[in-house]
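Engineer:
2 protein chains.
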Amino acid sequence: MHQPDEELVSILHKKGLKVTPQRLAIFRYLANNESHPSAEKVYSDIKGELPTISQGTVYKTLSTLADIGVITELKINNGQSRYDSNTSVHVNVICPRCNNITDYQSETIIKFWKKLSKEIGGKISGQRFDVYKECSTCEK
Amino acid sequence: MHQPDEELVSILHKKGLKVTPQRLAIFRYLANNESHPSAEKVYSDIKGELPTISQGTVYKTLSTLADIGVITELKINNGQSRYDSNTSVHVNVICPRCNNITDYQSETIIKFWKKLSKEIGGKISGQRFDVYKECSTCEK
DNA sequence: TGCTAATTGAGAATCATTATTATTTAATAC
DNA sequence: GTATTAAATAATAATGATTCTCAATTAGCA
Numbered sequence: 000m001h002q003p004d005e006e007l008v009s010i011l012h013k014k015g016l017k018v019t020p021q022r023l024a025i026f027r028y029l030a031n032n033e034s035h036p037s038a039e040k041v042y043s044d045i046k047g048e049l050p051t052i053s054q055g056t057v058y059k060t061l062s063t064l065a066d067i068g069v070i071t072e073l074k075i076n077n078g079q080s081r082y083d084s085n086t087s088v089h090v091n092v093i094c095p096r097c098n099n100i101t102d103y104q105s106e107t108i109i110k111f112w113k114k115l116s117k118e119i120g121g122k123i124s125g126q127r128f129d130v131y132k133e134c135s136t137c138e139k
Numbered sequence: 000m001h002q003p004d005e006e007l008v009s010i011l012h013k014k015g016l017k018v019t020p021q022r023l024a025i026f027r028y029l030a031n032n033e034s035h036p037s038a039e040k041v042y043s044d045i046k047g048e049l050p051t052i053s054q055g056t057v058y059k060t061l062s063t064l065a066d067i068g069v070i071t072e073l074k075i076n077n078g079q080s081r082y083d084s085n086t087s088v089h090v091n092v093i094c095p096r097c098n099n100i101t102d103y104q105s106e107t108i109i110k111f112w113k114k115l116s117k118e119i120g121g122k123i124s125g126q127r128f129d130v131y132k133e134c135s136t137c138e139k
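Residue numbers (numbering that gives the first Met the number 0), protein chains in the order written: chain A, 0 to 139; chain B, 0 to 139.
Written out as structure tokens, the structure is:
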């Protein structure tokens, strides 16, 4: 696992934002977490490291990190947002039962995105590809 | 414009659900509407036809129509759901400023979906492809 | 025409998220 | 190091979309 802090610190400086323990901890947590946690999950897990952090700070920090582009926010069908430190083009494989999310990446997706973005044209600022598929746990 | 009622009535019968004026009106409204309206917009527009309809009924009806697969629900980043009677594989081109949504369809997408669903495998129950791009109105 | 379960309408309740504000703190200058 | 100051945080209230509850109504069938 590489050091994610340097990247974040450099971007925060570039944007004129402060480097705070809350921002570092939440970013680090997501960088080491494949599970696309909700804000609530981030809050309850991060309290081990920062016991006095508030829910509001978690929400604002996640939103800030998404604004500067180091994480992505996914509003899913159960009404909550999930957060992902994988900012490259990929497919979110979402279990329609338990809302577990895993990332899927392949050449097919990269090529499709190249072709599609050219086809659509204009100032494209992002994309999101979801596939709904029952996870192995729910299948049973 | 073809008659959308027959299709809906047949599916409702198949599922053992009742054919109500509310369900017909909301489905017809969406079938003739490209703009991916919110529940609130559906409610305020449908009141012209059904003045006594309640917001709760609109929400429940939209959810029912999505459950039986005749419309799709899109939770977007401003926190609301948008509804679309286009249930074929397509890309939602979403304006990140005003949240206007237009559908984009092409061979590229059809081919990609065939390839991707084979690649991922398993019981896939749906998909959603979004592209964020400023609409012509917001560009100005 | 009457019966019955599903649906509707009205309003209360919920849940995730956002806003407010006083306090604290990171970053910069001295 | 210490002071300054604007930005960030913590606590809590407020919001907004959606869901729930339940009595009244209605579609579908006998």
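Built from N, CA and C at the ideal position, the CB exists for glycine as well.
All figures in this text were calculated on a predicted structure; none of them were measured in a lab.
Please list the partners that R141 (chain B) has in chain A, where partner means a Cβ-to-Cβ separation under 7 Å.
Structural biologist: For chain B, the structure presents residues 0 to 139; residue 141 (chain B) sits outside this window and is missing.
Engineer: Are D83 (chain A) and T71 (chain A) closer than 8 Å when you measure CB to CB?
Structural biologist: Cβ atoms of D83 (chain A) and T71 (chain A): closer than 8 Å.
Engineer: Identify the contact partners of Q126 (chain B) in chain A, using a Cβ-Cβ distance below 7 Å as the criterion.
Structural biologist: Simply D129, V130 and Y131.
Engineer: To be precise: take each residue of the stretch 101-122 of chain A, compare its Cβ to all Cβ atoms of chain B, and keep it if any distance is under 8 Å. Which residues remain?
Structural biologist: Correct list: Y103, S105, T107, I108, F111, K114, L115, S116, E118, I119, G121 and K122.
Engineer: From B:N91, B:Q126, B:F111 and B:E118, pick the residue whose C-alpha is nearest to that of I123 (chain A); which is it?
Structural biologist: Selected option, being the one with the closest Cα: B:N91.
Engineer: Quick check on the burial criterion: 16 or more other C-beta atoms within 10 angstroms. Buried or exposed for K14 (chain B)?
Structural biologist: The residue is exposed, with fewer than 16 neighbouring Cβ atoms inside 10 Å.
Engineer: What are the start and end residues of the alpha helix (DSSP H) that includes K45 (chain B)?
Structural biologist: What sits at residue 45 (chain B) in the sequence shown is Ile, not Lys. Run containing I45 (chain B): A38 to I45, per the alpha helix (DSSP H) assignment.
Engineer: Would you mind stating whether T60 (chain A) and I25 (chain A) have Cβ atoms separated by less than 8 Å?
Structural biologist: Taking 8 Å as the Cβ cut-off, T60 (chain A) and I25 (chain A) qualify as a contacting pair.
Engineer: Quick check on K132 (chain A): buried or exposed, where buried means 16 or more other Cβ atoms within 10 Å of its Cβ?
Structural biologist: Buried.
Engineer: Report all residues from its chain with a CB closer than 6 Å to the CB of Y42 (chain A); omit the five preceding and five following residues, and keep chain order.
Structural biologist: Excluding positions up to five away in sequence, the list reads Q54 and V57.
Engineer: Here's the rule I'm using: 16 or more other beta-carbon atoms within 10 Å means buried, otherwise exposed. How should P36 (chain A) be labelled?
Structural biologist: Classification for P36 (chain A): buried.
Engineer: Alpha carbon to alpha carbon, how far is Q21 (chain B) from Y28 (chain B)?
Structural biologist: Roughly 11 Å between the two C-alpha positions.
Engineer: What three-state label does DSSP hand H1 (chain B) in the structure shown?
Structural biologist: The pLDDT assigned to H1 (chain B) is 45, lower than 50, so where the model puts this residue is not dependable, and the model offers no usable value.
Engineer: In chain B, which residues lie less than 8 Å from I67 (chain A) when you measure between Cβ atoms?
Structural biologist: Neighbours of I67 (chain A) on chain B: none; closest Cβ ~15 Å, over 8 Å.
Engineer: Ends of the beta strand (DSSP E) at R127 (chain B)?
Structural biologist: Segment I123 to K132, the beta strand (DSSP E) holding R127 (chain B).
Engineer: Tell me the DSSP secondary structure of R96 (chain A) in three-state form.
Structural biologist: In the structure shown, R96 (chain A) sits in coil (DSSP, three-state: anything other than H, G, I, E or B).
Engineer: Measure the C-alpha to C-alpha separation of I67 (chain B) and I10 (chain B) and round it to an integer number of angstroms.
Structural biologist: If you take the alpha carbons of I67 (chain B) and I10 (chain B), they lie about 8 Å apart.
Engineer: Under three-state DSSP, which class holds E33 (chain B)?
Structural biologist: In the structure shown, E33 (chain B) sits in coil (DSSP, three-state: anything other than H, G, I, E or B).
Engineer: Looking at the secondary structure, which residues open and close the beta strand (DSSP E) in which E72 (chain A) lies?
Structural biologist: Per DSSP, E72 (chain A) belongs to the beta strand (DSSP E) from T71 to K74.
Engineer: By Cβ distance, which residues of its chain are closer than 6 Å to D129 (chain A), with the 5 residues on each side in sequence left out?
Structural biologist: These residues qualify, in order along the chain: N91 and I93.
Engineer: Would you tell me roughly how many angstroms separate the C-alpha atoms of T107 (chain B) and S105 (chain A), rounded to the nearest one?
Structural biologist: Each residue's Cα considered, the two are about 16 Å apart.
Engineer: Excluding the 5 residues preceding and the 5 following N77 (chain A) in the sequence, name in chain order all residues of the same chain whose CB lies nearer than 7 Å to its CB.
Structural biologist: Once the five neighbours on either side are set aside, the close Cβ partners of N77 (chain A) are N98.
Engineer: Roughly how many angstroms separate the alpha carbons of T136 (chain A) and T19 (chain B), rounded to a whole number?
Structural biologist: Answer to the nearest angstrom: the Cα atoms are 38 Å apart.
Engineer: Looking at the unbroken alpha helix (DSSP H) that takes in S116 (chain A), where does it start and where does it end?
Structural biologist: It spans E106 to I119 - the alpha helix (DSSP H) in which S116 (chain A) sits, taken as one unbroken run.
Engineer: With a threshold of 8 Å between beta carbons, is P20 (chain B) in contact with chain A?
Structural biologist: Taking Cβ atoms only, chain A never reaches closer than 8 Å to P20 (chain B), which makes this a no.
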